[in-house]
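Visitor: My structure is below; once you've seen it, I'll send some questions.
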Amino acid sequence: MHVGRVTALYWPGDRDAAAALAELADRAGPWPGIIDPFDAAVRVVVVRDASRFDSLTRGRLPEWGVGAAVPHANLVIVRLVDDPRQILRHELAHLALHAAVPVVPRWFDEGYAVRAADEWNRLDALRVNWALLRGDVPTLGGLNRMLRSETAASAETSYALAATAVLLLERLGGERGLEPLITTLKSESDFDRALRTTYQLTLGQFEDRWRRDLRHRYGWVLLMSTFSAFWAVVGVLLAILWWWRRDRNRLRRAALDEGWIIPDGESDSAA
Numbered sequence: 004m005h006v007g008r009v010t011a012l013y014w015p016g017d018r019d020a021a022a023a024l025a026e027l028a029d030r031a032g033p034w035p036g037i038i039d040p041f042d043a044a045v046r047v048v049v050v051r052d053a054s055r056f057d058s059l060t061r062g063r064l065p066e067w068g069v070g071a072a073v074p075h076a077n078l079v080i081v082r083l084v085d086d087p088r089q090i091l092r093h094e095l096a097h098l099a100l101h102a103a104v105p106v107v108p109r110w111f112d113e114g115y116a117v118r119a120a121d122e123w124n125r126l127d128a129l130r131v132n133w134a135l136l137r138g139d140v141p142t143l144g145g146l147n148r149m150l151r152s153e154t155a156a157s158a159e160t161s162y163a164l165a166a167t168a169v170l171l172l173e174r175l176g177g178e179r180g181l182e183p184l185i186t187t188l189k190s191e192s193d194f195d196r197a198l199r200t201t202y203q204l205t206l207g208q209f210e211d212r213w214r215r216d217l218r219h220r221y222g223w224v225l226l227m228s229t230f231s232a233f234w235a236v237v238g239v240l241l242a243i244l245w246w247w248r249r250d251r252n253r254l255r256r257a258a259l260d261e262g263w264i265i266p267d268g269e270s271d272s273a274a
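Quick look at the structure:
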């Protein structure tokens with residue numbers, strides 16, 4: 004199936020879904036920070052079956068994978084699960100970024116795709132908060148390794164963390180957002196030198212700033228969890244005290260009932 008510059012490949016029964024995704028891919032854009040439009044011919048493979056998806060991606064993706072991008076071939080593979088439209092935009096963002104900038108760190112690649120697909124939401128913020136709470140904020144190099152995680156939960160956290168790094172770079176660019184950095188990266192493949200040129204920051208300095216920014220913007224859960232833990236302990240202690248007093252009062256009443264004798268003649272006058 005051909006829709007504009009997009010060729011969609013699909014299996015029987017998925018024609019309508021393939022057509023909708025092809026139309027979306029044909030008009031996708033603009034892309035954050037990328038001036039030149041990404042108008043290359045694109046192939047979109049739409050697949051429903053998990054085993055077929057695994058075969059198409061040659062088993063290189065973990066079980067939680069639902070999309071894949073092959074930038075040098077302008078090819079994306081999308082599973083028809085969850086929200087295929089968002090999956091498609093995420094993968095197309097990889098193609099657009101690599102068309103503009105051939106080489107970027109993995110954390111920037113994935114964080115950019117999350118940002119471009121508008122996947123940053125409250126749930127991701129909570130995942131970041133949970134990572135901060137556990138003290139699991141990695142280095143950028145460690146984040147690259149986390150993005151290859153075999154577990155969905157770890158991967159979701161790492162994608163959220165990658166997004167926070169890209170969002171910080173976007174804020175550093177002011178009104179132009181990511182455009183200054185991406186423009187520099189077109190002629191400077193070394194990410195550290197590109198940061199120096201664009202923001203006058205080394206990669207190490209940016210990493211420190213990112214970690215501070217994480218704690219400032221998303222670390223409120225640390226404070227909330229501290230108060231929550233305190234009041235949880237107080238609540239447990241109050242509950243134990245209440246049960247102890249109720250049990251003690253019950254025993255006292257039982258003792259009084261056993262030892263109390265109503266004198267003759269008084270029972271008839273009791274109201």
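As numbered in my numbering, residues 4 to 274 make up the sequence shown, in order. Every residue, glycine too, gets a C-beta built ideally from N, C-alpha and C.
1. Leaving out five residues on either side along the sequence, give the residues of the same chain with a beta carbon under 7 Å from the beta carbon of Ala28.
2. Return the Cβ separation of Ile185 and Gly62 in integer angstroms, given the expectation that the two are a contact with Cβ distance under 8 Å.
3. For Ala11, which residues does DSSP report across the bridge?
4. Within 10 angstroms of the Cβ of Ala11, are there 16 or more other Cβ atoms? Answer buried if so, exposed if not.
5. Please list the terminal residues of the continuous alpha helix (DSSP H) segment that includes Leu78.
6. Quick check: Leu136 and Ala165, are their CB atoms within less than 9 Å of each other?
7. In whole angstroms, what separates the C-alpha of Ser157 from that of Glu113?
8. Just to confirm, is the Cβ distance from Gln89 to Ala120 under 9 Å?
9. What is the rounded straight-line gap between the Cα of Phe194 and the Cα of Glu173?
10. Nearest CA to the CA of Asp42: which residue from Val49, Ala31, Arg51 and Leu217?
Guide: In short, the structure shows the following:
1. Val9, Val45, Val47, Leu91 and Leu95
2. At roughly 32 Å, the Cβ-Cβ gap does not stay under 8 Å, so Ile185 and Gly62 are not in contact.
3. Val47
4. buried
5. Note, Leu78: premise wrong, no alpha helix (DSSP H); beta strand (DSSP E) at Leu78 to Arg82.
6. no
7. 14 Å
8. yes
9. Phe194 and Glu173: Cα-Cα distance of roughly 15 Å.
10. Nearest to Asp42 by alpha-carbon distance, out of Val49, Ala31, Arg51 and Leu217, is Ala31.
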